[in-house]
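Per this note's numbering, the sequence shown runs over residues 112 to 853. Every residue, glycine too, gets a C-beta built ideally from N, C-alpha and C. What you are looking at is a predicted structure, and each value in this text was computed from that prediction instead of being measured. Shown next, in structure tokens, is the structure this report addresses.
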Amino acid sequence: MKKTTNALVGALLLGAIHAEAAPPANDNLADRISLGTVSPTTFSGTNVDATLEPGDPISFYFGESRTSTVWYEWTAPFTGTARIGTESFDFDIVIGVGTLDGGGNFVEEALNTYSSVAFEAVSGTTYVICVAGWVGFGTEEGTFELNIGPDEPVVISSLSVDRRVATPSEPTVTFSVGLSHSAGIEWLSSGLVSKPDYEFWLYYEPYEEYPLPPSSGSPVSGVWQIPFTFPQGAREGVWCLNYVSVEDGNFDYRFLEEDDLQAVGSPITVVYDDPANGPLLFDISAQPEPALGGTVIGGGSFSFASNTTLNATPNPGFDFVEWRRVDPFFDHEMVVSSAPSLPVAVEGDAFFLGVFRPQNDDFANATDLGNPASVTSASGWNAGGGVEVGEPGDVFEGDHTSWWTWESPVDGRVEIDTAGSDFDTVLTVFTGTSLADLQVVGQSHNAAPDGTSRVAFVGADTRYWIRVHGEGGSPEGEVKLSISTQAEAITADDHVAWGKAWLRFANGQVATGSSLGAALGHFTQAESLDPNHQEALFYLALCRLALLQKESAFNNLLFALGIVDANINSDDPLYEVPVDGGGKSIFAAGADTRQGLDYLRDEVAPRLDEILVLLGRIKGNGWLGDLPDWIGVAGYRDTKQVDLGDVTLLRGAATAALAFLDLLESFELAASLEDLADLEGAEMLDVENVANAFSDLLGFSGTDRRRNASTGLRRAIDLYLSGSGFARTKRPGTRDPFHLFS
Numbered sequence: 112m113k114k115t116t117n118a119l120v121g122a123l124l125l126g127a128i129h130a131e132a133a134p135p136a137n138d139n140l141a142d143r144i145s146l147g148t149v150s151p152t153t154f155s156g157t158n159v160d161a162t163l164e165p166g167d168p169i170s171f172y173f174g175e176s177r178t179s180t181v182w183y184e185w186t187a188p189f190t191g192t193a194r195i196g197t198e199s200f201d202f203d204i205v206i207g208v209g210t211l212d213g214g215g216n217f218v219e220e221a222l223n224t225y226s227s228v229a230f231e232a233v234s235g236t237t238y239v240i241c242v243a244g245w246v247g248f249g250t251e252e253g254t255f256e257l258n259i260g261p262d263e264p265v266v267i268s269s270l271s272v273d274r275r276v277a278t279p280s281e282p283t284v285t286f287s288v289g290l291s292h293s294a295g296i297e298w299l300s301s302g303l304v305s306k307p308d309y310e311f312w313l314y315y316e317p318y319e320e321y322p323l324p325p326s327s328g329s330p331v332s333g334v335w336q337i338p339f340t341f342p343q344g345a346r347e348g349v350w351c352l353n354y355v356s357v358e359d360g361n362f363d364y365r366f367l368e369e370d371d372l373q374a375v376g377s378p379i380t381v382v383y384d385d386p387a388n389g390p391l392l393f394d395i396s397a398q399p400e401p402a403l404g405g406t407v408i409g410g411g412s413f414s415f416a417s418n419t420t421l422n423a424t425p426n427p428g429f430d431f432v433e434w435r436r437v438d439p440f441f442d443h444e445m446v447v448s449s450a451p452s453l454p455v456a457v458e459g460d461a462f463f464l465g466v467f468r469p470q471n472d473d474f475a476n477a478t479d480l481g482n483p484a485s486v487t488s489a490s491g492w493n494a495g496g497g498v499e500v501g502e503p504g505d506v507f508e509g510d511h512t513s514w515w516t517w518e519s520p521v522d523g524r525v526e527i528d529t530a531g532s533d534f535d536t537v538l539t540v541f542t543g544t545s546l547a548d549l550q551v552v553g554q555s556h557n558a559a560p561d562g563t564s565r566v567a568f569v570g571a572d573t574r575y576w577i578r579v580h581g582e583g584g585s586p587e588g589e590v591k592l593s594i595s596t597q598a599e600a601i602t603a604d605d606h607v608a609w610g611k612a613w614l615r616f617a618n619g620q621v622a623t624g625s626s627l628g629a630a631l632g633h634f635t636q637a638e639s640l641d642p643n644h645q646e647a648l649f650y651l652a653l654c655r656l657a658l659l660q661k662e663s664a665f666n667n668l669l670f671a672l673g674i675v676d677a678n679i680n681s682d683d684p685l686y687e688v689p690v691d692g693g694g695k696s697i698f699a700a701g702a703d704t705r706q707g708l709d710y711l712r713d714e715v716a717p718r719l720d721e722i723l724v725l726l727g728r729i730k731g732n733g734w735l736g737d738l739p740d741w742i743g744v745a746g747y748r749d750t751k752q753v754d755l756g757d758v759t760l761l762r763g764a765a766t767a768a769l770a771f772l773d774l775l776e777s778f779e780l781a782a783s784l785e786d787l788a789d790l791e792g793a794e795m796l797d798v799e800n801v802a803n804a805f806s807d808l809l810g811f812s813g814t815d816r817r818r819n820a821s822t823g824l825r826r827a828i829d830l831y832l833s834g835s836g837f838a839r840t841k842r843p844g845t846r847d848p849f850h851l852f853s
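Right, here's the structure in full:
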């Protein structure tokens with residue numbers, strides 16, 4: 112009985128103790144404590160024995176959770192950035208701030224796990240604040256201080272040091288650091304900048320750093336007096352004062368710079384010098400950028416607080432632009448002067464760039480070559496050049512362009528080249544009167560094995576603009592330009608050469624509609640001058656096929672048929688079986704196969720017929736052409752060879768395409784591809800399966816379209832066999848990888 116009574120009394124005592132440990136008054140959102148409209152304000156609180164209620168924000172970030180929430184509200188008396196900070200020695204705090212929606216639910220707008228959060232406050236708006244413990248990071252409950260106020264950055268308004276040079280016999284220097292507003296020190300702990308005893312460091316990059324000791328007592332008029340004594344054996348050289356700023360718990364170590372100071376010219380460095388080691392000298396070095404641009408003098412080794420002057424002299428063809436000071440540690444450049452002569456006060460090692468650029472860097476300053484019939488000695492540089500806003504054509508930020516202008520004295524053949532240039536050039540010729548209205552006459556890249564360029568065209572008595580830049584990685588160097596003219600008649604060979612130049616592109620780019628159109632114009636003129644010109648016929652067919660492929664209607668049709676460019680051009684293409692408007696495979700019985708048939712019948716078929724006629728006019732086993740191909744790698748040819756075997760295989764492909772057009776005109780594609788009737792949706796159909804289906808196609812009977820398809824496919828197979836036979840028997844190597852069709 113006694114044991115039972117004791118157990119009962121113990122249970123009652125435990126219950127009484129538990130009943131006394133009530134949660135805080137602001138445990139629930141509805142019972143939040145109002146902090147009024149005061150700013151700044153400080154409030155002491157606790158979340159000991161706080162609980163979670165339904166709807167409390169619990170999860171955050173990557174599955175982390177919070178617990179023991181307590182609630183406050185505060186009405187902003189200003190519009191601007193506000194900061195809510197907390198301090199606690201008991202637990203790790205998660206703090207969130209937000210507003211209530213129309214249903215009285217908390218909508219969190221800002222959250223931080225570093226006990227401080229900043230947000231954009233609007234005057235008169237009431238904000239709800241949630242303080243919680245971070246689950247899993249030690250104790251989750253305790254007392255804390257809550258600070259609310261404007262997030263005014265602590266700007267250093269003044270900075271001085273009692274002397275600039277410290278030595279082993281006089282190792283102590285004293286910094287005086289002023290703040291921009293009187294509340295700065297009070298609010299250092301709220302997340303703006305860390306406390307004074309952790310804020311400032313002396314830093315010798317990148318090897319050593321010393322924390323400055325805490326300032327003693329309160330600062331006078333917002334100015335800290337911070338003494339520092341260099342330890343014995345400290346590294347000789349320039350030491351930089353830096354500080355640690357804290358923004359939402361993210362530490363940002365940075366150097367004090369003049370931009371941080373309202374007092375212009377305040378010193379931010381001191382020197383530690385041990386006379387026992389001899390004179391302390393600092394290197395002031397400079398170099399031209401680019402090296403071709405000019406010369407710079409005035410560098411050397413100097414003592415602290417001495418002075419020197421750097422001077423820059425441009426080479427012929429260049430102008431001086433500016434001096435830049437380079438910080439190699441942070442990979443940063445800062446413009447310090449646009450004058451060629453730069454006075455330098457020596458306060459440590461320093462590295463400067465004298466920046467030059469070509470005089471003809473901009474279109475408006477193009478070098479005028481006059482109007483001679485030939486130019487043999489024009490030269491210049493693109494080194495140090497840039498790209499103007501609005502430059503036409505295929506140039507990119509980081510390219511180096513230079514400009515020339517020349518007026519043709521004759522109507523006739525014109526050739527412009529960059530032979531002799533010492534880098535891989537891209538040459539473009541324009542007509543026009545301003546940068547905004549330039550029209551491309553021709554562009555060339557890799558006309559010669561050394562990467563130089565040549566543009567040829569039918570010239571007129573007009574002014575031309577010539578631009579040169581580097582290809583691939585923006586190379587730069589010396590440009591050599593030559594111009595030749597001939598008043599003699601233009602031949603078909605001329606037009607073929609000029610048309611092919613439009614099919615060569617820099618930086619791995621592909622042909623555009625405008626460049627293909629320009630090339631087509633030349634090949635058309637070549638055919639008119641020589642109807643049997645074999646290369647002209649081939650390139651006419653090629654350009655017409657490429658222009659057809661680039662039409663949006665054609666690409667939309669390919670997409671509707673489940674075919675994309677990447678698949679067509681791959682070595683082992685795969686075709687995704689398309690579906691009709693009702694989602695049914697077009698190979699299934701009853702499918703609607705009339706997708707794009709009007710366009711196929713009225714546009715594609717006649718143009719494929721024209722291409723076949725052109726290809727059929729190419730005769731002779733010895734014919735050999737070439738086709739630009741930019742998928743080659745270093746050490747291999749940049750072009751694919753084209754012979755009669757390639758032409759025959761291309762004819763076979765076009766003939767097969769026309770046969771499929773006839774097939775699509777039939778009323779139901781499923782009847783002609785019975786072996787594929789069970790394929791649905793996104794199933795994949797490879798070339799081998801299509802080939803197997805041809806056997807069914809050849810046995811068709813019924814509509815004229817199907818008979819036409821059968822005849823066309825037989826003809827396509829014959830052409831394929833003929834072309835592949837030519838490749839096997841007539842070429843030097845049966846697997847020549849440099850042919851259009853290997």
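When the beta-carbon positions are compared, P399 and G428 stay at least 8 Å from each other. From the listed residues W576, T512, E198, P151, the smallest Cα separation to T157 is found for E198.
Shown here for R728: same chain residues with a beta carbon closer than 6 Å to its own, the five before and five after excluded, namely L648 in chain order. Minimum Cα-Cα distance from W609 among the listed residues V246, Q645, V569, G581 corresponds to V569. Pairing G501 with V551 gives a Cβ-Cβ distance that is not under 8 Å.
Residue state for L163 is assigned as coil, using DSSP reduced to three classes. Distance from the CA atom of M445 to the CA atom of V537, rounded to whole angstroms, is 32 Å. Judged by their CB atoms, S835 and L760 are nearer to each other than the 8 Å cut-off.
Between the alpha carbons of A827 and A475 lies a gap of roughly 57 Å. Listed in chain order, the non-local C-beta contacts of G731 below 8 Å within the same chain comprise Q645, L755, local neighbours out to five positions each way being set aside. Per DSSP, W609 is not a residue of any beta strand (DSSP E); the alpha helix (DSSP H) it occupies stretches across 603-612.
CA-CA distance, P165 to D262, rounds to 33 Å. By the Cβ rule, the stretch 601-608 does not count as touching the stretch 527-535, because fewer than three pairs are nearer than 8 Å.
In this structure the stretch 430-439 lies against the stretch 449-460, because at least three pairs of beta carbons, one per stretch, are closer than 8 Å. Within its own chain, the residues whose Cβ lies closer than 6 Å to the Cβ of S234, once the five positions on either side in sequence are excluded, are A187, F189, T190, listed in chain order. Cβ-Cβ separation between S226 and I259: approximately 13 Å, too far for a contact (criterion under 8 Å).
Between V457 and F413, the C-beta gap is smaller than 8 Å, which places the two residues in contact. Per DSSP, Q636 lies in no beta strand (DSSP E) segment; the continuous alpha helix (DSSP H) that holds it begins and ends at 624-640. A494 and G581 have their C-alpha atoms spaced approximately 10 Å apart. Classified as buried, G244 has 16 or more neighbouring CB atoms from the shown chains inside 10 Å of its CB. In this structure, S595 is the residue among S595, D737, Q343 with its C-alpha nearest to the C-alpha of S488.
Sorting L392, L352, G405, A402 by C-alpha distance to the C-alpha of G411 places L392 at the top. Under DSSP, G727 takes part in no beta bridge, so it has no partner.
Counting along the chain, A657 sits inside the alpha helix (DSSP H) bounded by residues 645-661. Burial state of V724 is exposed, judged by a 10 Å Cβ sphere holding fewer than 16 other Cβ atoms.
In the three-state reduction of the DSSP assignment, R825 falls in the helix class, which pools H, G and I. DSSP places R839 within a helical segment (H, G or I) once states are collapsed to three.
Distance from the Cα of V466 is smallest, within the candidate group A397, L614, E231, for A397. Ranked by how close their Cα comes to the Cα of T544, the residues L772, G214, P586, E518 have E518 in first place. Per DSSP, D212 lies in no beta strand (DSSP E) and is assigned neither H nor E. Within the same chain, G496, G497, S513 come within 7 Å of D472 by CB-CB distance, once the 5 residues on both sides are set aside. A straight line joining the alpha-carbon of L464 with that of A232 spans about 46 Å. Within a 10 Å sphere around the beta-carbon of V149 sit fewer than 16 other beta-carbons, which makes this residue exposed. Linking L656 to L772 through their CA atoms gives a straight-line distance of about 16 Å. Around the Cβ of Q343, a 10 Å sphere holds fewer than 16 other Cβ atoms; the residue is exposed. Distance from T340 to T283 at the Cβ level is roughly 4 Å; contact confirmed, criterion being Cβ atoms closer than 8 Å.
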